[in-house]
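Numbering (this note's numbering), first residue to last: 343 to 1538.
Glycine residues also receive a C-beta, built at the ideal position from the N, C-alpha and C atoms.
Fair warning: this is a prediction, and the values are worked out from it, not measured in the lab.
Okay, structure first, notes after.
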């Protein structure tokens, strides 16, 4: 590896310090390319159509985003915490790269990581494109046999898939269209149909009938207008709730906009005064009515002509008062005038009775005084409407009104407030709202209902997908999507395999390719892998575009400059040192670092042996700066929030959240999305704690806990007997404890021969996941259904407890623990003589020991030092309404079931078992909308929940609102069916994890006809045959016929030598030879069509126009006398040379010339031929198309 990095071994332009990725990762300054990264946002389906989706395994949105970003990123980090699908993401990356014609170098420090990816590729029927060279002891024979198998491998041609791809695109588009239509705001209103449905559900059902509000009044509003008007409506409603309906206010009609305490007091005084005047007027009129001879409505008479009464009444009163009781009154002019005026005012002759006359005068005077006082009061109230209304009422009713005013004077201030609200409504352009509010005809709920219902109706009219939304239709649509999306994975596997097969060199071979083919066919004495890679590396990469290696084997088997990869993928990069990774990086154009920063760092065992030999100066020049892994180096260039640093978030491994919850909290800051289990408590799932208080840790001697090891061995046997369907792994905290468990199991195996058989049968059943017993340092990369953990450490024989926990006390000990506690899929059983209460924790203890304390506490109590969990609230009124319906039916339900970002909207508790959910109800709310692909929202989410034991019922918000009764019946049936299904199952069994098996017969239309043939054919044929123009008999004397024939020959045989052109036309005319006349006529026709722009004359050759790059042609079908090298255009010769060089993967010059001559169909080679071809080879070298690499010619 040291020699591999020697810059003298690398060509100029590819030396370590010149490599772009090296500059990015190891440079001191930020590289410009890192600034070009763009964060992806929105729905991923929009930027990745179905035809461009090449996943061969399921990919959630976080995985898909990483795959999309990896297409453009120079360096890329994909962080994958335990169980988040790192290997399937790597497999998808490899498959997509191979389909695009790229060469991939997969590098892993440990073979276990490589085997996981190989197994996934094999399950996808893609292992034939990979070659394993992980070990430094790779077998040469296996290497060549692998190449031979791939060359001979027959794949199926994928045909007839366009219909399925198009159908999937349409179905996916419909699902995304529904989600978008439901959650996208409607035009200018700024409100989505989903929000409308939720608000309408919250507001409740409205009875049919005439409504005071219409949406047409609001149709031109935007959201801001609605909110400002809504505030006015709210104030109207608040007013009505506090002070009642405005029109019922005693002072209704007053237009006062403000009122001070002084004005209010003045109103109070005037009301009393007016009331007194009214009482007086009413009394005088009452007395006047006692005179039966007086038939007159004095009040009406005075009101109809009050101004005249006010003018004349003082003089009339004076005269009548002075002379009315005098006997000579009729002789007094003043009395006579007063009598005449009174008659005019009364519109009849005034009574002669002086008493009556006096009563009339005093009554009229009291009426005038009252009317004047009332007018002044109404002017003060700015209530002319009230005055007109009161004037039309009898005095008795006016008395009641004035008394009401007198008793409710404070109501005037309330009305003033309403008048101000009316002004606000007018300024807002909604004066009609004040008209409705005055009678209490509008409420806030009615206003909101009209707004949201109107927008909802608008959305239905504008978006047919919502209008057509029926639950049954969408159930069929999602079922179709699931079927097609799963089929797409199978199709992609065949597409990738077919594309790889088409890239395998089928050329019979020359140069390095021929040499490689001979080595493959040899039975012995084959060249070493490193040598064959040096000589034919490019050809091997076309046969095997995926190399799977370790950092060491890269240096061993790939000489510098021998193999160039487009992509290098580091798996478990936290274990690869920067200096070890450098060799692989130098051989690639792009680097993807796949890792988990919270797992094991590189081993430092050998570092201690050599660190004393490194000088201080060398340490100072260390470009890695003490960074322990290539992951840390990459993180320095790509911090966590960089677009090229992605985190895989969906956790798939743990079938119960307790298996990953502690790790998620301690190491991943609750960033993982963990599907909830439908079981709250089950002895078959989760973390189980087995205290071993009697165990003794033999400190200073064996450093084992024999009692605990014995308990673990007994548990292993019990598992083999009763849980044989679940794979099992055992992990100890130390190597010594690992050996102790192995010894205990071995003793039982010797004592009981049946146990040996049982163990063998168990390993056969779990062929890919046999029983293992490992330690904390070696378990990374493994997973099993059930994991037994043996802590080992505990109290010694004296009862004292040391705080030394082995590797956990070291730097990075917490990462070792993280690896250990995240290996189980179904159940993790912890055997420990230490209880969490035995550990005295403070901040001075190592992180590993503190993490152990938290884990033991969680295993024993389920407590993570956090406040008690309060039942979550429903996320929308829609969900709340569904909850209430279920509770009305008597079911126990809980909203937002789950933890860590993955919640089931509503969980229905099993009436027979409160620790189990029988049904999950999914609504199309925030979680549905936040999904970044249809696969996430409409397949993966439900698929994962069903794998975790859930039964799912989906409700669409639009249907719940529009067809509530129908949706209720569907929900009720779903709950009842779930209860019936559960009651039929007496015993719950944990589903067995079975690795995905290869589908030998996927339901895909295929034609088994092998790979499409390329040129030359697979059996080593020459260039395609020379095709002659088909000219019917023609008249040589016809200029038109000659011109047409020239064009026909040029079109079919371009570039064609003039002599060949003349021969073809001469033979079509039936002439044995071309004399001067025939030749002259043909040349004249050639010049004519050249002038017409139909052909191009290039020296002795004729091209059809437009001129195209010629395809090399085999002349073996020509007569020997016409098969001349001079008749081949130099450009056609050059194209043939380039083809042979490319498909030979490097060839010596002499062999190249001979092979080119052979490919053109010449049986023997002359010196003229050699010279002609050699001239074109030198032309290509000088033109930079071919390079001479130590005597071997290669394409530039």
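DSSP-derived helix/strand/coil call for residue i
i, result
"residue 1343", "Because the pLDDT at residue 1343 is just 37, under 50, the model does not fix this residue reliably, and the value given afterwards should be weighed accordingly. Coil at residue 1343, not helix or strand."
"residue 1167", "strand"
"residue 1160", "helix"
"residue 1425", "helix"
"residue 1456", "strand"
"residue 598", "coil"
"residue 356", "coil"
"residue 818", "helix"
"residue 1533", "coil"
"residue 1544", "No answer is possible for residue 1544: it lies beyond the span of the chain, which begins at 343 and ends at 1538."
"residue 494", "helix"
"residue 750", "coil"
"residue 429", "helix"
"residue 1351", "For residue 1351, the pLDDT reaches just 30, beneath the cut-off of 50, and the residue's location in the model is therefore unreliable, although a value from the coordinates is still provided. Coil, per DSSP."
Between the CA atoms of residue j and residue i - distance to the nearest angstrom
i, j, result
"residue 1086", "residue 1219", "60 angstroms"
"residue 290", "residue 1282", "The structure shown does not extend to residue 290, since the chain spans only 343 to 1538, so no value can be given for it."
"residue 912", "residue 931", "14 angstroms"
"residue 1188", "residue 365", "36 angstroms"
"residue 723", "residue 567", "33 angstroms"
"residue 665", "residue 677", "7 angstroms"
"residue 1093", "residue 475", "42 angstroms"
"residue 603", "residue 591", "19 angstroms"
"residue 1452", "residue 890", "40 angstroms"
"residue 458", "residue 430", "9 angstroms"
"residue 1011", "residue 1029", "20 angstroms"
"residue 690", "residue 680", "14 angstroms"
"residue 493", "residue 845", "10 angstroms"
Residue j beta carbon less than 8 angstroms from that of residue i
i, j, result
"residue 1291", "residue 1020", "yes"
"residue 841", "residue 441", "yes"
"residue 509", "residue 826", "yes"
"residue 368", "residue 871", "no"
"residue 878", "residue 858", "yes"
"residue 1004", "residue 1203", "no"
"residue 1493", "residue 881", "no"
"residue 1069", "residue 1126", "yes"
"residue 1312", "residue 386", "no"
"residue 595", "residue 725", "yes"
"residue 337", "residue 400", "As shown, the chain starts at 343 and ends at 1538. That puts residue 337 outside it, with no answer to give."
"residue 606", "residue 786", "no"
"residue 875", "residue 920", "no"
Cβ shell of residue i (< 8 angstroms), same chain only, five flanking positions each side left out
i, result
"residue 1057", "1032, 1130, 1171, 1173"
"residue 938", "421, 422, 423, 424, 428, 914, 916"
"residue 622", "708, 711, 712"
Same chain only: Cβ atoms within 6 angstroms of residue i, ignoring 5 sequence neighbours per side
i, result
"residue 1118", "1075, 1149, 1158, 1162"
"residue 933", "363, 417, 910, 927"
"residue 489", "862, 885"
Residue i - partner residues in DSSP beta bridges
i, result
"residue 626", "None; residue 626 has no bridge partner."
"residue 450", "913"
"residue 934", "418, 911"
"residue 1116", "1073"
"residue 1446", "1437"
"residue 720", "Paired residues: none, contrary to the question."
Sequence-distant residues of its chain with Cβ nearer than 7 angstroms to residue i (five each side left out)
i, result
"residue 1331", "Since pLDDT at residue 1331 reaches only 39, below the 50 mark, its modelled position is unreliable, and the value read off the structure follows with that caveat. Result list for residue 1331: empty, nothing under 7 angstroms."
"residue 507", "392, 393"
"residue 1194", "1147, 1150, 1159"
"residue 744", "613, 616, 617, 620"
"residue 1154", "943"
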